[in-house]
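In UniProt numbering, the protein residues as written are 1 to 312.
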């Protein structure tokens, strides 16, 4: 057969080689050869397959040729991590002859199987980071969009960054703004995405009246970033301070710990004051019960004395 062996043929050759004596792979630990043999026999592509591929990659970097055969066997068995590791080694020529074309083919195959990591690596390649001659912005954008559609946060944020491309909201169509907002919110694992949304809605404006309607959306995104990430919202909080808005709209802010404790303490405070008030009222009533008769008696005696004085 002419040309490169098919995946099925390569897999068959790998199985045949692995069935040979252990001495055929004497430069590798027996358990690693057995693990590869097991992974080829099973269709599962799990963490164990990834671990085995990583181990083989380390041996290849150290110059082990037997490890190349075993890694190729895992690739032929359609193990995703094996494809990615072999692609990385081929791209750099790390312990193996450099072959950028095959590296891209392997990444494309892994991406077609749903590997987000492969999609992001392809994006890097088409950005010209590996080979400037292969720069293709459209393909890079396509890879990012695929990663974002699968829910990858890095892909979503990078795609949003590219769609913004230094523009402000007024320079984008409403549809573009909606997509950018959706992508940044999908990458909310850091508050940086909310900060970027605030900048999208604040740049290009002439006014510096940040509390006004013109900056309403930008301020809303900053507040959301600050609220959503108490530990990571520093950038949003700093921007609010820079705009002099940190003390405004306190009611929109989340309840602080002090406010939460206040609601817990309030019922007990009311009960205490009711008890104290009742006690004071009882004391007042007791005082009135003694003093009023005394006052009346003194008034009566005074009246009698006055009457007899007049008679004299």
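Don't be surprised by glycine CBs; every beta carbon is placed ideally from N, CA and C. This one's a predicted model, so the numbers in the text were calculated from it and none came from an experiment.
Checklist entry - Could you give the distance in angstroms between the alpha-carbon of residue 222 and the alpha-carbon of residue 124? => result C-alpha separation (whole angstroms): 30 Å.
Item to check | residue 114 in three-state terms, based on DSSP | outcome: Here residue 114 sits in coil by DSSP.
Checklist entry - Between residue 52 and residue 28, which are expected to be in contact by the criterion C-beta below 8 Å, what is the C-beta distance as a whole number of angstroms? => result Contact doesn't hold; Cβ gap of about 11 Å is too wide.
Next on the checklist: Quick check: what's the CA-CA separation for residue 145 versus residue 64?
Outcome noted: Distance from the CA atom of residue 145 to the CA atom of residue 64, rounded to whole angstroms, is 38 Å.
Item to check | First and last residue of the uninterrupted alpha helix (DSSP H) at residue 221 | outcome: For residue 221, the uninterrupted alpha helix (DSSP H) segment begins and ends at 216-228.
Checklist entry - Hey, would you say residue 194 sits closer than 9 Å to residue 224, going by beta carbons? => result Inclusion of residue 194 and residue 224 in the CB contact set at 9 Å is warranted, their separation being smaller than that value.
Item to check | Neighbour-count burial assignment, residue 201, 16 or more Cβ in a 10 Å radius | outcome: Around the beta carbon of residue 201, 16 or more other beta carbons lie within 10 angstroms, which makes this residue buried.
Next on the checklist: Can you tell me whether residue 189 is buried or exposed? The criterion is at least 16 other CB atoms within 10 Å of its CB, across all chains shown.
Outcome noted: It counts as exposed.
Item to check | Exposure of residue 206, with buried meaning 16 or more beta-carbon neighbours within 10 Å | outcome: Burial call: exposed.
Item to check | Nearest neighbour of residue 187, chosen from 245, 149, 67, 167 [CA to CA] | outcome: Checking every option, the nearest Cα to that of residue 187 belongs to 149.
Checklist entry - Where do the N-terminal and C-terminal ends of the alpha helix (DSSP H) with residue 210 fall, by residue? => result From DSSP, residue 210 is part of no alpha helix (DSSP H); its letter is neither H nor E.
Checklist entry - What residue ranges within the stretch 42-101 form continuous alpha helix (DSSP H) runs of no fewer than 4 residues, ordered along the chain? => result Here the runs fully enclosed are 47-61, 65-76, 80-92.
Checklist entry - Where do the ends of the alpha helix (DSSP H) carrying residue 137 lie? => result Per DSSP, residue 137 belongs to the alpha helix (DSSP H) from 137-149.
Item to check | As assigned by DSSP and simplified to three states, the class of residue 246 | outcome: In the three-state reduction of the DSSP assignment, residue 246 falls in the coil class, being assigned neither a helical nor a strand state.
Checklist entry - So, is residue 298 buried or exposed, given that buried needs 16 or more other C-beta atoms within 10 angstroms? => result Exposed, since its Cβ has fewer than 16 Cβ neighbours within 10 Å.
Item to check | residue 152 - DSSP class collapsed to helix/strand/coil | outcome: Coil, per DSSP.
Next on the checklist: Rounded to whole angstroms, what is the Cα-Cα separation between residue 276 and residue 268?
Outcome noted: Distance between the alpha carbons of residue 276 and residue 268 is about 12 Å.
Checklist entry - The alpha helix (DSSP H) with residue 169 in it runs from where to where? => result Counted as a single uninterrupted DSSP element, the stretch harbouring residue 169 is not any alpha helix (DSSP H), since DSSP gives it neither H nor E.
Item to check | Classification of residue 306 by the beta-carbon crowding that lies within 10 angstroms, buried from 16 upward | outcome: Looking at its Cβ environment, which holds fewer than 16 other Cβ atoms inside 10 Å, residue 306 is exposed.
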